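First up is the structure itself, then whatever we jot down about it.
In the working numbering, the protein residues as written are 2 to 216.
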(Lines of atoms letter the chains of each structure in order from A and count residues from 1; the text may use other names and numbers.)
(Lines give C-alpha, C1' and ligand atoms only; values in the text may rest on other atoms or scores of the structure.)
Protein backbone atom coordinates (compact mmCIF):
# COMPACT_ATOMS: atom_id res chain seq x y z
CA UNK A 1 0.00 0.00 0.00
CA UNK A 2 1.32 3.42 -0.94
CA UNK A 3 1.81 5.71 2.07
CA UNK A 4 0.49 9.25 2.35
CA UNK A 5 4.04 10.61 2.09
CA UNK A 6 4.74 8.68 -1.10
CA UNK A 7 1.49 9.90 -2.67
CA UNK A 8 2.30 13.49 -1.79
CA UNK A 9 5.81 13.31 -3.25
CA UNK A 10 4.38 12.14 -6.56
CA UNK A 11 1.76 14.88 -6.67
CA UNK A 12 2.48 17.81 -8.99
CA UNK A 13 0.57 20.32 -6.85
CA UNK A 14 2.40 19.28 -3.67
CA UNK A 15 5.77 19.61 -5.37
CA UNK A 16 5.00 23.31 -5.88
CA UNK A 17 4.72 24.03 -2.14
CA UNK A 18 7.16 21.45 -0.75
CA UNK A 19 10.37 23.49 -0.93
CA UNK A 20 9.18 26.80 0.51
CA UNK A 21 6.38 25.83 2.91
CA UNK A 22 5.97 22.18 3.93
CA UNK A 23 9.63 21.19 4.20
CA UNK A 24 10.86 24.18 6.30
CA UNK A 25 8.05 23.69 8.82
CA UNK A 26 8.56 19.93 8.90
CA UNK A 27 12.34 20.23 9.30
CA UNK A 28 11.96 22.63 12.22
CA UNK A 29 9.73 20.03 13.84
CA UNK A 30 12.68 17.64 14.00
CA UNK A 31 14.20 19.81 16.73
CA UNK A 32 10.79 19.99 18.47
CA UNK A 33 10.36 23.67 17.67
CA UNK A 34 13.90 24.68 18.63
CA UNK A 35 16.57 26.12 16.31
CA UNK A 36 19.05 23.22 16.40
CA UNK A 37 18.08 21.56 13.11
CA UNK A 38 18.01 24.88 11.26
CA UNK A 39 21.41 25.84 12.72
CA UNK A 40 22.93 22.51 11.66
CA UNK A 41 21.31 22.83 8.26
CA UNK A 42 22.98 26.21 7.71
CA UNK A 43 26.34 24.76 8.71
CA UNK A 44 25.81 21.80 6.38
CA UNK A 45 25.00 24.07 3.44
CA UNK A 46 28.20 26.03 4.05
CA UNK A 47 30.17 22.78 4.20
CA UNK A 48 28.66 21.53 0.94
CA UNK A 49 29.58 24.81 -0.76
CA UNK A 50 33.31 24.52 0.01
CA UNK A 51 35.64 24.61 -3.03
CA UNK A 52 36.70 21.32 -4.57
CA UNK A 53 36.82 19.05 -7.61
CA UNK A 54 34.32 16.37 -6.60
CA UNK A 55 31.22 14.56 -7.76
CA UNK A 56 28.16 14.87 -5.51
CA UNK A 57 25.20 12.49 -5.66
CA UNK A 58 22.07 13.73 -3.88
CA UNK A 59 19.66 10.81 -3.35
CA UNK A 60 15.95 11.71 -3.20
CA UNK A 61 16.88 15.30 -4.05
CA UNK A 62 13.25 16.46 -4.32
CA UNK A 63 12.96 19.92 -5.90
CA UNK A 64 16.69 20.52 -5.48
CA UNK A 65 16.84 22.03 -2.01
CA UNK A 66 20.60 21.50 -1.77
CA UNK A 67 21.52 21.64 -5.46
CA UNK A 68 22.99 25.12 -5.61
CA UNK A 69 24.73 24.81 -2.23
CA UNK A 70 26.44 21.58 -3.31
CA UNK A 71 27.33 22.95 -6.75
CA UNK A 72 28.48 26.42 -5.68
CA UNK A 73 32.11 25.57 -4.88
CA UNK A 74 32.74 22.83 -7.42
CA UNK A 75 35.90 23.14 -9.49
CA UNK A 76 37.62 21.16 -12.24
CA UNK A 77 35.37 18.33 -13.41
CA UNK A 78 33.19 18.60 -10.31
CA UNK A 79 29.50 17.87 -10.78
CA UNK A 80 26.28 17.68 -8.75
CA UNK A 81 23.77 14.94 -9.66
CA UNK A 82 20.32 14.99 -8.12
CA UNK A 83 18.41 11.70 -8.18
CA UNK A 84 14.73 11.27 -7.38
CA UNK A 85 11.93 8.84 -8.24
CA UNK A 86 9.24 11.54 -8.42
CA UNK A 87 8.84 13.17 -11.83
CA UNK A 88 7.01 16.23 -10.40
CA UNK A 89 9.87 16.84 -7.95
CA UNK A 90 12.47 16.52 -10.72
CA UNK A 91 10.49 18.89 -12.93
CA UNK A 92 10.58 21.48 -10.14
CA UNK A 93 14.30 20.95 -9.64
CA UNK A 94 15.09 21.32 -13.33
CA UNK A 95 13.04 24.49 -13.66
CA UNK A 96 14.60 26.19 -10.63
CA UNK A 97 18.26 25.18 -10.72
CA UNK A 98 20.08 25.70 -14.00
CA UNK A 99 23.75 26.03 -13.05
CA UNK A 100 25.97 24.29 -15.63
CA UNK A 101 27.38 21.79 -13.11
CA UNK A 102 23.92 20.59 -12.00
CA UNK A 103 22.07 17.67 -13.56
CA UNK A 104 19.11 15.52 -12.53
CA UNK A 105 18.15 11.93 -13.18
CA UNK A 106 15.14 9.78 -12.33
CA UNK A 107 16.11 6.65 -10.46
CA UNK A 108 15.42 4.21 -7.65
CA UNK A 109 17.58 4.67 -4.55
CA UNK A 110 17.68 0.87 -4.13
CA UNK A 111 19.40 0.47 -7.51
CA UNK A 112 21.55 3.55 -8.09
CA UNK A 113 22.45 3.99 -11.78
CA UNK A 114 26.04 4.75 -10.82
CA UNK A 115 29.28 2.77 -11.06
CA UNK A 116 31.06 1.36 -8.02
CA UNK A 117 33.60 3.65 -6.33
CA UNK A 118 32.73 6.65 -8.47
CA UNK A 119 31.25 9.36 -6.18
CA UNK A 120 33.08 11.66 -3.75
CA UNK A 121 30.04 12.78 -1.73
CA UNK A 122 26.81 10.78 -1.45
CA UNK A 123 24.01 12.37 0.54
CA UNK A 124 20.40 11.68 1.43
CA UNK A 125 18.83 14.57 3.33
CA UNK A 126 15.35 14.53 4.86
CA UNK A 127 14.28 11.58 2.71
CA UNK A 128 15.54 8.22 4.00
CA UNK A 129 12.62 7.96 6.44
CA UNK A 130 10.20 8.07 3.48
CA UNK A 131 11.89 5.41 1.34
CA UNK A 132 10.37 1.92 1.57
CA UNK A 133 12.90 -0.66 2.81
CA UNK A 134 15.57 2.00 3.47
CA UNK A 135 18.50 -0.04 4.82
CA UNK A 136 19.51 -1.46 1.40
CA UNK A 137 19.79 2.16 0.25
CA UNK A 138 22.75 2.51 2.62
CA UNK A 139 24.35 -0.48 0.90
CA UNK A 140 24.00 1.31 -2.44
CA UNK A 141 25.38 4.56 -1.02
CA UNK A 142 28.45 2.74 0.26
CA UNK A 143 28.87 0.87 -3.03
CA UNK A 144 29.09 3.99 -5.19
CA UNK A 145 31.36 5.94 -2.82
CA UNK A 146 34.98 6.34 -3.81
CA UNK A 147 37.54 5.18 -1.24
CA UNK A 148 37.94 8.20 1.01
CA UNK A 149 34.55 9.54 -0.06
CA UNK A 150 31.96 10.81 2.39
CA UNK A 151 28.36 9.85 3.17
CA UNK A 152 25.97 12.42 4.64
CA UNK A 153 22.48 11.64 5.97
CA UNK A 154 19.76 13.62 7.71
CA UNK A 155 16.82 11.54 8.88
CA UNK A 156 14.60 10.65 11.82
CA UNK A 157 15.65 9.07 15.13
CA UNK A 158 13.88 7.64 18.14
CA UNK A 159 12.97 10.06 20.92
CA UNK A 160 10.52 10.06 23.79
CA UNK A 161 7.88 11.79 21.66
CA UNK A 162 7.69 8.67 19.47
CA UNK A 163 6.44 6.71 22.50
CA UNK A 164 3.43 8.97 23.10
CA UNK A 165 -0.01 7.32 22.77
CA UNK A 166 -1.10 7.35 19.14
CA UNK A 167 2.32 8.39 17.81
CA UNK A 168 3.03 4.96 16.35
CA UNK A 169 -0.28 4.89 14.52
CA UNK A 170 0.25 8.37 13.07
CA UNK A 171 3.78 7.51 12.00
CA UNK A 172 2.65 4.31 10.29
CA UNK A 173 -0.19 6.10 8.51
CA UNK A 174 2.09 8.83 7.21
CA UNK A 175 4.72 6.36 5.98
CA UNK A 176 7.46 8.05 7.99
CA UNK A 177 9.97 5.66 9.56
CA UNK A 178 11.60 6.39 12.89
CA UNK A 179 15.07 4.86 13.10
CA UNK A 180 16.60 3.53 16.30
CA UNK A 181 19.45 5.58 17.75
CA UNK A 182 22.06 3.04 16.65
CA UNK A 183 20.21 1.38 13.77
CA UNK A 184 21.92 3.28 10.96
CA UNK A 185 25.27 3.41 12.74
CA UNK A 186 25.35 -0.39 13.04
CA UNK A 187 24.44 -0.76 9.37
CA UNK A 188 27.17 1.65 8.27
CA UNK A 189 29.73 -0.12 10.46
CA UNK A 190 28.75 -3.44 8.87
CA UNK A 191 29.44 -1.90 5.47
CA UNK A 192 32.97 -1.05 6.56
CA UNK A 193 32.56 2.72 6.77
CA UNK A 194 34.66 4.63 9.30
CA UNK A 195 34.82 7.94 11.18
CA UNK A 196 31.06 7.66 11.73
CA UNK A 197 29.71 10.74 13.48
CA UNK A 198 26.10 11.18 14.66
CA UNK A 199 24.50 14.45 15.78
CA UNK A 200 20.96 14.21 17.22
CA UNK A 201 18.63 17.23 17.18
CA UNK A 202 15.31 16.36 18.82
CA UNK A 203 13.83 13.59 16.65
CA UNK A 204 16.31 14.15 13.81
CA UNK A 205 19.84 12.89 13.28
CA UNK A 206 22.73 13.92 11.06
CA UNK A 207 25.26 11.22 10.19
CA UNK A 208 28.62 11.70 8.50
CA UNK A 209 30.87 8.76 7.57
CA UNK A 210 33.69 7.91 5.20
CA UNK A 211 34.66 4.93 3.07
CA UNK A 212 38.15 3.72 3.97
CA UNK A 213 41.03 4.24 1.58
CA UNK A 214 43.09 1.17 0.65
CA UNK A 215 45.96 0.52 3.02
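Virtual Cβ for every residue (Gly too), placed ideally from N, Cα, C. None of the values given here were measured: they were computed from a predicted structure.
| query | result |
| --- | --- |
| Considering only the beta carbon of each residue, do residue 139 and residue 67 sit closer than 8 angstroms? | no |
| Take the Cβ of residue 97 as the centre, count every other Cβ of all protein chains shown within 10 Å, and call the residue buried at 16 or more, exposed below. | exposed |
| Do residue 213 and residue 181 have their beta-carbon atoms positioned less than 8 angstroms apart in this structure? | no |
| Assuming residue 155 and residue 207 make a contact with CB atoms under 8 angstroms, what is their CB distance in whole Å? | 5 angstroms |
| For residue 76, which residues from the same chain have a beta carbon less than 7 angstroms from its beta carbon, with the 5 sequence-adjacent residues on both sides left out? | 52, 53, 54 |
| Taking the runs of the beta strand (DSSP E) that are 3 residues or longer, which of them lie wholly in the segment 72 to 130? | 80 to 85, 103 to 107, 120 to 126 |
| Comparing alpha-carbon positions, which option in 101, 150, 71, 149 lies nearest residue 47? | 71 |
| Buried or exposed for residue 190, going by 16 or more other Cβ atoms inside 10 Å? | exposed |
| Quick check: the Cα distance between residue 204 and residue 160, rounded to an integer number of angstroms? | 6 angstroms |
| My understanding is that residue 202 touches residue 81, with C-beta atoms under 8 angstroms, so please give their C-beta distance in whole angstroms. | Actually they are not in contact, since the Cβ atoms of residue 202 and residue 81 sit about 25 angstroms apart, beyond 8 angstroms. |
| Could you give the C-beta distance for residue 79 and residue 102, rounded to a whole number, given that I count them as a contact under 8 angstroms? | 6 angstroms |
| How many angstroms separate the CA atom of residue 92 from the CA atom of residue 185? | 31 angstroms |
| From what residue to what residue does the alpha helix (DSSP H) around residue 139 run? | 136 to 145 |
| Rank 200, 158, 179, 153 by C-alpha distance to the C-alpha of residue 210 and give the top, closest one. | 153 |
| I need the straight-line Cα distance from residue 56 to residue 107, nearest angstrom please. | 17 angstroms |
| Please say whether residue 144 and residue 117 have beta carbons closer to each other than 8 angstroms? | yes |
| Mark residue 65 as exposed unless 16 or more other C-beta atoms lie within 10 angstroms of its C-beta, in which case mark it buried. | buried |
| Look at residue 177 and residue 129 and say whether their C-beta atoms are less than 8 angstroms apart. | no |
| Per DSSP, what are the beta-bridge partners of residue 201 in this structure? | 206 |
| Starting from residue 56, follow its DSSP beta bridges and name the residues at the other end. | 80 |
| Quick check on residue 88: buried or exposed, where buried means 16 or more other Cβ atoms within 10 Å of its Cβ? | exposed |
| Kindly indicate the opening and closing residues of the alpha helix (DSSP H) around residue 158. | Counting along the chain, residue 158 falls outside any alpha helix (DSSP H), and DSSP gives it neither H nor E. |
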